[in-house]
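Novice: I'd like to ask you about the structure that follows.
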Amino acid sequence: MADMPRTNHEPDVSVIIGAYNAMPYLVRCLESVEAQTIGAGRLEIVAVDDGSTDGTGACLEEFAARTAIPMRVVRQPNSGGPSGPRNLGLKLARGRYVFFLDADDYFGEEALERMVAMGDRAGTDVVLGKIVGVNRGAAKSMWKETLDHADLYESNIKFTLSAQKLFRRDLLVRLGMRFDERLKTGEDALFTMEAYLRGNGVSVVADYTCYYLVGREDGNQLTKKGDHRRRFDSARALMELIAGLVPPGPRRDSLMVRPFVITLLPQFGPGLVNQSDAVRREKAALAAPLMDAYWTPEVGRRLKVHERLRLTALARGRLDLLLDITAFLRDKKEPEVVREGDRILLAYPHFAKAGKRSVLPRRAYEVTVTERVGGRRIEPPQPKPRVSLARRVVRKARRTVLGARRAPRAHRV
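Right, dumping it as C-alpha cells:
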C-alpha cells in the first residue's frame with residue numbers, strides 16, 4: 004500500500020478508482036483526474052488494484068509518485084467484482100464527497116468543480132453529472148435539464164443507477180452504506196437507489212458532459228458478463244429494497260418500472276425464442292416469485308404495450324403466449340393500431356377484436372404511454388377532465404332551471 008501524505012485537511016472529493024486489468028484505458032482515466040479544474044488541493048485519489056496482471060498496479064504507483072494530488076494505492080488479490088475495491092476505497096476516503104470512477108472511463112475537465120458546486124448550493128446528497136458514451140451507448144433521457152432538486156418519482160433519474168455519481172460521504176457513513184459483495188451484477192443499482200431514497204435529494208448537472216463512459220475494444224467489461232441467474236438476483240435485490248423503503252402506491256409503482264423493464268424484461272426478449280426449453284422454464288421459475296410479489300396492473304400502465312404483454316403473460320404462467328409475443332418482436336412485425344371509442348389498442352399476438360374473448364386481458368393491449376409503430380408516434384388519449392361533485396350538482400341545477408324556463412306555459416281559460 005502506498006500512503007498519501009498525512010494531513011488534517013479534508014478534501015472536497017475523494018475519487019475512488021477500482022481497477023482490474025485496465026490498461027491502456029487507465030492512463031487517460033488518471034490524466035482526466037489530474038486535469039480537473041477544481042484543483043489538486045481539493046482532491047484525493049484512492050485507487051485499488053484488484054489483482055491485475057497487465058501492469059495496472061505499476062501504472063497506479065507511478066502516477067501516485069509524480070502527481071500533485073494526494074493519492075493512496077492499494078494492491079490486493081482479485082476479489083471477483085467491483086464491490087470489494089469500491090468498499091475498501093470508501094473506507095479509506097476522507098473527502099466531503101466521493102466519486103466512484105471506473106478505470107476504463109474519464110472525466111470532463113470541469114466535472115468535479117461543477118458537481119461539487121451543485122451539491123453545495125442545493126444541499127443534496129447525490130449529484131448526477133451528464134454521461135455520454137464513447138464506443139458504446141449511454142442513457143440520455145435524464146439529461147434534458149439541469150436541476151437543483153430532481154423528482155425521483157416523476158423524472159427519469161431512476162433509470163441511471165450506475166455508481167458514477169457524486170455522493171456526500173456523510174450520508175454513506177451515517178447509513179453504513181456499502182456495495183453488496185454478494186451480487187455479481189447490479190450492485191451499483193442497489194447502492195445508488197438506496198442513496199436516492201434515503202438521502203437529502205438528488206441534483207442533475209445536464210449542461211456539461213461530466214463523464215465519458217468508454218466501451219472497451221476487447222469487450223472485457225464486467226457489465227457485460229454474468230449468466231441470467233445473476234440478473235434475477237439483481238432484480239430481486241432492487242425490488243426488495245424499493246418495497247422496503249416505499250409504501251405501496253403510485254410512488255412505489257413508478258420506481259418498480261426500473262427493475263421490471265431494465266433488469267427483468269431483457270431476459271424475456273426476442274432471443275428467448277432461440278433458447279432451450281429448459282432455460283426458458285428456469286427463467287420463468289426464477290421470475291415467478293418476483294411477479295407474485297411486485298407486479299401490479301398500475302406498474303403495467305406505465306409500460307409500453309409489448310413490455311406489459313410479456314410481463315402479463317409471465318405473471319399468468321403462460322410461457323406459450325410469451326413465446327408468441329417474443330417471436331413477433333424477433334421478426335420485427337408491426338401491430339395493427341386499433342381505435343375503439345376513446346381507447347387505442349395495439350394488436351399484438353392473441354389480440355381479440357371487440358366482442359370476442361381475449362386470452363390476455365384486453366386492457367393489456369391498450370396504449371397508455373407514447374409508442375412508435377411503423378415510424379408513427381402514437382400518443383395515449385388524454386383523459387377527460389374530472390368534474391367535482393359540487394360542480395356536477397350546480398350543472399344539474401342549472402339545467403333544471405333552464406328547462407323550467409323553456410317549458411311551455413299553460414293557457415288561461
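Okay, so the sequence shown: first residue is 4 according to the working numbering, each after it adds one. Beta carbons: idealized from backbone N, C-alpha and C, even for Gly.
(1) Taking the alpha helix (DSSP H) that residue 74 belongs to, which residues open and close that run?
(2) What separation, rounded to the nearest whole angstrom, lies between the Cα atoms of residue 117 and residue 96?
(3) Return the chain-ordered ranges of every alpha helix (DSSP H) run that is complete within the stretch 154 to 196 and spans a minimum of 4 residues.
(4) From the DSSP output, read off the bridge partner residues of residue 136.
(5) Reducing DSSP to helix, strand and coil, say where residue 58 ends up.
(6) Would you report the Cα separation of residue 330 and residue 253, rounded to the nearest angstrom?
(7) Please determine, among 370, 37, 51, 274, the residue with the shortest C-alpha to C-alpha distance to residue 334.
(8) Can you tell me where the alpha helix (DSSP H) with residue 84 in it begins and where it stops?
(9) Looking at the structure shown, is residue 126 part of a helix, part of a strand, or coil, going by DSSP?
(10) Helix, strand or coil for residue 22 per DSSP?
(11) Assuming residue 211 contacts residue 133 (C-beta within less than 8 Å), just tell me the rounded distance between them.
(12) Please classify residue 198: does DSSP put it in a helix, a strand, or coil?
(13) Which class does residue 351 belong to by DSSP, given the choice of helix, strand or coil?
(14) Between which residues of its own chain and residue 264 is the CB-CB distance below 7 Å, once the five residues before and five after are set aside?
(15) Return the residue from the list 202, 282, 206 that minimises the CA-CA distance to residue 248.
(16) Just grab the DSSP bridge partners of residue 376 for me.
(17) Of all the options 81, 62, 85, 83, which has the alpha carbon lying nearest to the alpha carbon of residue 74?
(18) Under the assumption that residue 352 contacts residue 323 (Cβ atoms under 8 Å), give the Cβ distance between them as a whole number of angstroms.
(19) Tell me, please, which residues DSSP counts as bridged to residue 341.
(20) Within a Cβ cutoff of 7 Å, which residues of the same chain sit near residue 159, ignoring the five residues on either side of it in sequence?
(21) In three-state DSSP terms, what is residue 15?
(22) CA-CA distance, residue 102 and residue 13?
(23) Starting from the Cα of residue 35, find the closest Cα among 361, 55, 109 and give me that residue.
(24) Would you say the stretch 239 to 246 touches the stretch 166 to 178, given that touching needs at least three Cβ pairs under 8 Å?
(25) Would you report the Cα separation of residue 341 and residue 93, rounded to the nearest angstrom?
(26) If I measure Cβ to Cβ from residue 152 and keep anything under 8 Å in the same chain, skipping five residues before and after, which residues do I get?
(27) Please classify residue 230: is it buried, with 16 or more other beta-carbons within 10 angstroms of its beta-carbon, or exposed?
(28) By the three-class DSSP mapping on this structure, what secondary structure does residue 306 have?
(29) Given that a residue counts as buried once 16 or more other Cβ atoms are within 10 Å of its Cβ, and exposed if not, what is residue 148?
(30) With burial defined as no fewer than 16 other Cβ atoms inside 10 Å of the residue's Cβ, what is the status of residue 226: buried or exposed?
(31) Check this for me: beta carbons of residue 27 and residue 53, under 7 Å apart or not?
(32) Do the CB positions of residue 51 and residue 104 come within less than 7 Å of each other?
(33) How about residue 187 and residue 84: do their beta carbons lie closer than 7 Å?
(34) Given a threshold of 16 other Cβ atoms within 10 Å of its Cβ, counted over all protein chains shown, does residue 385 qualify as buried or as exposed?
(35) Can you grab the Cα-Cα spacing for the pair residue 285 / residue 214, in whole Å?
(36) So for residue 369, helix, strand or coil by DSSP?
Specialist: For this structure:
(1) Counting along the chain, residue 74 sits inside no alpha helix (DSSP H); it lies in the beta strand (DSSP E) bounded by residues 74 to 79.
(2) C-alpha separation (whole angstroms): 20 Å.
(3) If only complete runs of 4 or more residues are kept, the stretch 154 to 196 shows the alpha helix (DSSP H) at 172 to 178, in order along the chain.
(4) Residue 136 is bridged to 216.
(5) Residue state, collapsed to three classes: coil.
(6) Take the alpha-carbon of residue 330 and the one of residue 253: they are about 32 Å apart.
(7) Distances from the CA of residue 334 to each of 370, 37, 51, 274 were compared; the closest alpha carbon is that of 274.
(8) Run containing residue 84: none; DSSP gives neither H nor E here.
(9) Shown here, residue 126 sits in coil according to DSSP, grouped into three states, outside any helix or strand.
(10) Reduced to three states, the DSSP call for residue 22 is strand.
(11) With 8 Å as the limit, residue 211 and residue 133 qualify as a contact, their Cβ atoms being about 6 Å apart.
(12) Helix at residue 198.
(13) In this structure, residue 351 counts as coil in the three-state DSSP scheme.
(14) In chain order, 306, 310 place their CB closer than 7 Å to the CB of residue 264, counting only its own chain and leaving out the 5 sequence neighbours on each side.
(15) Looking at the Cα atoms, 202 is the closest of the given residues.
(16) DSSP lists 379 as partners of residue 376.
(17) Out of 81, 62, 85, 83, 62 has the C-alpha closest to the C-alpha of residue 74.
(18) Contact doesn't hold; Cβ gap of about 10 Å is too wide.
(19) Its beta-bridge partners are 348.
(20) Once the five neighbours on either side are set aside, the close Cβ partners of residue 159 are 144, 145.
(21) Correct three-state label for residue 15: coil.
(22) Roughly 15 Å between the two C-alpha positions.
(23) Of 361, 55, 109, the residue nearest in Cα terms is 109.
(24) Because the criterion of three Cβ pairs below 8 Å is not met, the stretch 239 to 246 and the stretch 166 to 178 do not touch.
(25) Distance between the alpha carbons of residue 341 and residue 93: 54 Å.
(26) So the list reads 125, 127, 204, 205, 206, once near-sequence residues are dropped.
(27) That one is exposed.
(28) Here residue 306 sits in coil by DSSP.
(29) So residue 148 counts as exposed.
(30) With a pLDDT of only 48 at residue 226, under the threshold of 50, the placement of this residue in the model should not be trusted, and no figure is reported.
(31) Cβ atoms of residue 27 and residue 53: not closer than 7 Å.
(32) Against a cut-off of 7 Å, the Cβ pair of residue 104 and residue 51 comes out as no contact.
(33) At a Cβ-Cβ threshold of 7 Å, residue 187 and residue 84 count as neighbours.
(34) Classification for residue 385: exposed.
(35) For the pair residue 285 and residue 214, the Cα-to-Cα distance works out to about 38 Å.
(36) Note: residue 369 maps to strand in three-state DSSP.
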